[in-house]
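Only one structure is covered here, and it is reproduced in the block below.
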Amino acid sequence: MGQKTFIGVAAFLFVLIGGAIALYVYDAGRDDQIAEGITVAGVDVGGMDSGEATKVVAAKVAGQVERPIVVRFRKRKYQLSANDARLHADVDG
620 MGQKTFIGVA AFLFVLIGGA IALYVYDAGR DDQIAEGITV AGVDVGGMDS
670 GEATKVVAAK VAGQVERPIV VRFRKRKYQL SANDARLHAD VDG
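Be aware that the sequence shown starts at 620, since it is given in this note's numbering, and climbs by one per residue.
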């Protein structure tokens, strides 16, 4: 292998490895950020960190969980509150 070929291959490998390291460092700095386009319970949480996303989703889900459940059985109507049903939203889970 000639000296020019060796230098070309070495330069290519140097650029390739340098790019991989730069990409790793960039990605490692975004560990807590949720990828764009992700939705939870119909809420777009892309670009948020986990704390922000938890607050936004909890606010939306809390309103839905607090509504009473209405069940009809044999011409009778039963209403059950979320508290009576021991219903809660596990947003962190």
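Ideal Cβ placement from N, Cα and C applies to all residues, glycine included.
- The shortest CA-to-CA distance from residue 708 to any of 642, 660, 690 is the one to 660.
- Judged by their CB atoms, residue 683 and residue 668 are not nearer to each other than the 8 Å cut-off.
- A residue is called buried when at least 16 other Cβ atoms come within 10 angstroms of its Cβ; residue 672 meets this threshold and is buried.
- Per DSSP, reduced to three states, the secondary structure at residue 703 is coil, with no helix or strand assignment.
- Residue range 688 to 692 is occupied by the beta strand (DSSP E) that includes residue 688.
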